[in-house]
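*Asks:* Numbered as in numbering that gives the first Met the number 0, the sequence shown ends at 266 without a single skipped number. Just so you know, even glycine gets a beta-carbon here, dropped at the ideal spot from N, CA and C. Sharing a structure here in structure tokens format.
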Amino acid sequence: MSRLATRFAQLKSQQRKALVSYVMAGDPQPQVTVPLLHNMVEAGVDVIELGLPFSDPMADGPVIALAAERALAGGTNTLDALNMVKEFRQKDTETPVVLMGYLNPVEVLGYEKFVSYANECGVDGVLLVDLPPEEAHDLNVVLKKFDMDQIFLLAPTSTEQRIKHVVKQASGFIYYVSLKGVTGAATLDVPEVTARIQKIKTETNIPVGVGFGISDAASAKAIGGVADAVIVGSAFVKQFANLTPEQAAIETVNKVKELRAALDELV
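Here it is as structure tokens:
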């Protein structure tokens, strides 16, 4: 049983919802990331999404795009990000870690090299924003070889046919994008999200997480009422834009505690 499957099963047995946190590897400096991940887990994060810095993050709004710029300027590349997972695993062997990024850096390394080293470092799954399931067969073969999950996106615009196609290939969890827009967008339509999640759940038993637009206790609680996981990125990442790394880390952990408390009110 994979770490992701184990974690979601544990949470389901406790009637709790997963808090999934996105962190850009190497933002704003390489030495910040691993201690931050440990502190976030201690504060209540259940699953980590570690962003792979990329120069053209087309699905991301300005907050995460600037985080990628900071990480790249600090010298962090894809292999560095994998090594951060390896360092994280020295103290934490249970928290699932999913890599989230774009196809180009993975293709540069090659699927076999990327996946085999990611597996060696302790990565549990991969979500490549610009790799649709129709083109994901070759990577999926390699991921299955190493028992790693391939996570796909669904969106408000996904057709019924598209939903059926994605859930057949996905594993780990489904990432439902709650908004028609980029990361960090502001307005959530909770009734619409609820209806879409219910539709997806008629097609699969895989957990469904919702991301984009969740930034505070109220939105986390609203989405946690219908989804298996609440995925938060920009609300964490934006702390590093204007604060010192030390203060940003403190504010990030405080935000985790706020969101965790809101989700635990659902129990």
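For A169, which residues in the same chain have their Cβ closer than 7 Å to its Cβ, ignoring the five residues on either side in sequence?
*Replies:* Q149, I150, F151 and I205
*Asks:* How far does the beta strand (DSSP E) with L98 in it extend, from its first residue to its last?
*Replies:* V96 to G100
*Asks:* Under DSSP, the beta strand (DSSP E) around G223 begins and ends at which residues?
*Replies:* No beta strand (DSSP E) contains G223, which is instead part of the alpha helix (DSSP H) from A216 to G223.
*Asks:* Shortest alpha-carbon distance to E93 belongs to which of M147, I199, T5 and L242?
*Replies:* T5
*Asks:* Under 6 Å: does the beta carbon of E264 sit that close to some heavy atom of the ligand ZN?
*Replies:* Of ligands this structure carries none, so the ligand ZN is not represented either.
*Asks:* According to DSSP, is D137 helix, strand or coil?
*Replies:* helix
*Asks:* Are the beta-carbon atoms of G73 and R259 separated by less than 7 Å?
*Replies:* Cβ atoms of G73 and R259: not closer than 7 Å.
*Asks:* Between F87 and chain B, is the shortest Cβ-Cβ distance under 7 Å, so that the two count as touching?
*Replies:* Judged by its chain identifiers, the structure shown contains no chain B, having just a single protein chain.
*Asks:* For K200, which residues in the same chain have their Cβ closer than 8 Å to its Cβ, ignoring the five residues on either side in sequence?
*Replies:* V207
*Asks:* Are L102 and L142 closer than 7 Å when you measure CB to CB?
*Replies:* no
*Asks:* Report back the beta-carbon spacing between V84 and L49 to the nearest angstrom; my notes put them in contact at under 8 Å.
*Replies:* Their Cβ separation, rounded to whole angstroms, is 7 Å, which keeps V84 and L49 in contact under 8 Å.
*Asks:* Which value, in whole angstroms, describes the spacing of the CA atoms of P244 and T203?
*Replies:* 41 Å
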